[in-house]
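A.B. asks: Here it is: the structure, laid out below.
Numbering (this note's numbering), first residue to last: 14 to 455.
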């Protein structure tokens with residue numbers, strides 16, 4: 014077997030590859046002979062600035078390279094490298110078809126096309142709830158909105174989404190309780206065009222859709238406009254108790270959330286309760302990595318727009334690392350498990366017995382006061398009598414950095430395209446329809 018020294022130009026910034034993360038490799042012979050799928054591999058992995066100047070910005074800014082050494086396991090093999098486990102538009106179609114063909118699930122899962130993308134691809138909307146026998150009963154149900162893959166390269170978000178959908182549509186008693194009490198609106202792939210053509214972050218119009226929620230142009234960002242319109246209509250019928258957009262994160266370990274700090278005295282720290290409960294339910298979720306600062310440069314994101322414009326208190330992005338936790342790489346099952354933990358936490362958060370929420374709020378108050386006291390060089394006893402409403406806690410945490418995407422809310426850079434993108438169907442095409450998961454060449 015021959016070895017290689019691989020080099021790929023990547024985007025600037027810190028990298029998990031310098032913290033032990035390895036690329037993924039898929040061998041066709043391994044799959045055929047040993048039934049093995051994607052495996053972490055590579056030695057002498059380095060991520061560093063190279064001498065290739067960037068053409069998309071002014072000044073002395075350069076590209077970065079990822080290099081590693083690798084020994085192929087077989088002669089005459091065909092192999093693929095990937096940044097994360099691939100999950101294509103075709104994979105989504107298969108998952109949704111499996112649900113549609115299930116006679117039991119079809120009773121409480123309704124699928125429709127929310128809109129079509131610029132490339133003519135379908136943006137799917139799932140509604141999951143137990144059918145109500147009376148209108149009054151239906152109106153009493155609160156709503157939960159979950160979306161994913163606004164950034165096509167963040168395939169880990171699709172595995173979290175798959176785990177969430179599998180649980181919420183499954184036969185367990187807890188899943189039934191959730192369906193009986195909530196209406197779930199699910200958009201599993203917001204940016205199918207980016208997924209199909211292999212973009213890492215942008216849409217077919219070369220824009221970051223998650224910077225264009227504030228004032229979306231329907232013809233330019235149909236999925237974003239349609240999601241906002243759907244939520245706005247739903248708010249006239251019922252309360253939306255939680256909105257969560259699933260993402261991948263390129264610089265932090267673990268799974269964590271970004272939320273929006275509420276400065277209303279009656280709502281102080283409420284936005285931190287759900288993430289804190291998540292951290293209690295699974296060691297893969299790290300509450301200390303969560304951030305709640307509302308930054309001006311992020312005002313076009315779904316998280317902040319749903320909070321500012323729609324008034325949704327629990328408005329989050331849930332971020333999954335591309336690496337892992339406790340020095341262990343995540344596999345696809347680990348990511349799917351996060352969908353289950355999300356549902357488990359929702360049961361805790363919405364339990365009619367509010368003692369869990371009250372306990373978490375009391376503990377959060379102690380934590381924040383301790384952090385604030387430490388910042389002032391005092392003991393917590395010195396500020397114990399100070400009301401939480403009188404403390405400015407926004408400076409206790411760093412920014413929710415991690416992306417280098419545009420902060421612009423402007424129009425698309427490219428003319429609007431109305432031609433349909435061909436859907437990749439054959440096995441050979443599907444292998445290359447790793448979409449954005451394959452390490453991008455720039």
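Quick reminder that beta carbons are idealized off the backbone N, C-alpha and C, glycines included.
1) For the alpha helix (DSSP H) containing residue 131, list its first residue and its last residue.
2) According to DSSP, is residue 317 helix, strand or coil?
3) Does the stretch 175-190 come close enough to the stretch 269-281 that 3 or more CB-CB pairs lie under 8 angstroms?
4) Take residue 104 and list the residues in its own chain whose beta-carbon comes closer than 8 angstroms to its own, dropping the five residues that flank it on each side.
5) Would you kindly work out how many angstroms separate the C-alpha atoms of residue 144 and residue 237, rounded to a whole number?
6) Between residue 40 and residue 87, how many whole angstroms is the CB-CB distance? I'm expecting something under 8 angstroms.
7) If you draw a straight line from the alpha carbon of residue 194 to that of residue 155, how long is it in whole angstroms?
8) Extract the residue ranges of the beta strand (DSSP E) inside the stretch 256-324, only unbroken runs of 3 or more that lie entirely within it.
9) Hey, residue 255 and residue 327: beta-carbon distance below 8 angstroms or not?
10) Note down the Cα distance separating residue 42 from residue 93, rounded to an integer number of angstroms.
11) Contact check, residue 161 vs residue 259 under 8 angstroms by CB: the rounded distance?
12) May I have the straight-line CA-CA distance separating residue 207 from residue 389, to the nearest angstrom?
13) Counting only the same chain and skipping the five closest in sequence on each side, list residues whose C-beta sits under 7 angstroms from that of residue 151.
14) Is residue 68 buried or exposed, if buried means 16 or more other CB atoms sit within 10 Å of its CB?
15) Excluding sequence positions up to five away, which residues of its chain have a Cβ less than 6 angstroms from the Cβ of residue 456?
16) Can you tell me whether DSSP reads residue 53 as helix, strand or coil?
17) What is the rounded straight-line gap between the Cα of residue 165 and the Cα of residue 82?
18) Please report how far the alpha carbon of residue 379 lies from the alpha carbon of residue 302, in whole angstroms.
19) To the nearest angstrom, how far is the alpha carbon of residue 197 from that of residue 140?
20) With residue 8 and residue 227 assumed to form a contact (beta carbons below 8 angstroms), what rounded beta-carbon distance in angstroms separates them?
21) Given this structure, state the Cα-to-Cα distance separating residue 266 from residue 337, to the nearest angstrom.
22) Just list the alpha helix (DSSP H) runs in the stretch 83-169, keeping only unbroken ones of 4 residues or longer that don't cross its boundaries, in chain order.
23) If we ignore side chains and look at the alpha-carbon of each, how far apart do residue 305 and residue 221 end up?
24) My assumption, with CB atoms under 8 angstroms, is that residue 9 sits in contact with residue 240. Please give the rounded CB distance.
25) Check this for me: beta carbons of residue 102 and residue 210, under 8 angstroms apart or not?
26) By alpha-carbon positions, which one of 288, 71 and 339 ends up nearest to residue 269?
27) Alpha carbon to alpha carbon, how far is residue 54 from residue 216? Give it in angstroms, no decimals.
28) I'd like to know whether the C-beta atoms of residue 323 and residue 245 end up nearer to each other than 8 angstroms.
29) Whole angstroms are fine: how far does the CA of residue 149 sit from the CA of residue 422?
30) Considering only the beta carbon of each residue, do residue 315 and residue 174 sit closer than 8 angstroms?
31) Can you grab the Cα-Cα spacing for the pair residue 49 / residue 112, in whole Å?
32) How about residue 58 and residue 30: are their beta carbons less than 8 angstroms apart?
33) Thinking residue 177 and residue 355 are a contact (beta carbons under 8 angstroms), I'd like their distance in whole angstroms, please.
34) Quickly, what does DSSP pair residue 337 with across the bridge? List them, please.
35) Should residue 391 go down as buried or exposed, given a rule of 16 or more other Cβ atoms within 10 Å for buried?
36) So who's on the other strand from residue 66, going by DSSP bridges?
C.D. replies: The relevant details are as follows:
1) No alpha helix (DSSP H) contains residue 131, which DSSP labels as neither H nor E.
2) Collapsing the DSSP output to three states places residue 317 in a helix.
3) No, the stretch 269-281 is not in contact with the stretch 175-190.
4) For residue 104, where only same-chain residues beyond five positions count, the Cβ hits under 8 angstroms are 171.
5) Cα-Cα distance, rounded: 28 angstroms.
6) With a Cβ gap of about 7 angstroms, residue 40 and residue 87 count as contacting.
7) Rounded to the nearest angstrom, the two C-alpha atoms are 7 angstroms apart.
8) Here the runs fully enclosed are 268-271.
9) Residue 255 places its beta carbon less than 8 angstroms from that of residue 327.
10) Between the C-alpha atoms of residue 42 and residue 93 there is a straight-line separation of about 12 angstroms.
11) Between residue 161 and residue 259 the beta-carbon gap is near 4 angstroms, inside 8 angstroms, which marks them as a contact.
12) Cα-Cα distance, rounded: 47 angstroms.
13) The residues are 145.
14) Exposed, since its Cβ has fewer than 16 Cβ neighbours within 10 Å.
15) No answer is possible for residue 456: the residues shown for the chain start at 14 and end at 455.
16) Note: residue 53 maps to strand in three-state DSSP.
17) Roughly 27 angstroms separates the two Cα atoms.
18) So the alpha carbons of these two residues sit roughly 18 angstroms apart.
19) Computed Cα separation, rounded: 6 angstroms.
20) Missing from the structure shown is residue 8; the chain here goes from 14 to 455 and no further.
21) Straight across, the Cα-Cα distance linking residue 266 with residue 337 is about 6 angstroms.
22) Fully enclosed alpha helix (DSSP H) runs of 4 or longer: 102-113 and 148-153.
23) Approximately 22 angstroms between the Cα atoms of the pair.
24) Outside the displayed span of the chain (14 to 455) sits residue 9, for which this structure offers no information.
25) No, these two residues do not count as a Cβ contact at 8 angstroms.
26) From the listed residues 288, 71 and 339, the smallest Cα separation to residue 269 is found for 288.
27) The alpha-carbon atoms of residue 216 and residue 54 are separated by roughly 30 angstroms.
28) Contact: yes.
29) Bear in mind that the predicted position of residue 422 carries a pLDDT of just 49, short of 50, making it unreliable; the figure below should be weighed with that in mind. When rounded, the distance between both Cα atoms is 40 angstroms.
30) No.
31) Just so you know, the alpha carbons of residue 49 and residue 112 end up roughly 26 angstroms apart.
32) Their beta carbons are under 8 angstroms apart, which means residue 58 touches residue 30 by this criterion.
33) With 8 angstroms as the limit, residue 177 and residue 355 qualify as a contact, their Cβ atoms being about 6 angstroms apart.
34) The secondary-structure analysis by DSSP pairs residue 337 across a beta bridge with 342.
35) Using a 10 angstroms sphere on the CB of residue 391, the tally of other CB atoms stays under 16, which defines it as exposed.
36) The partner list for residue 66 (beta bridge, DSSP) reads 75.
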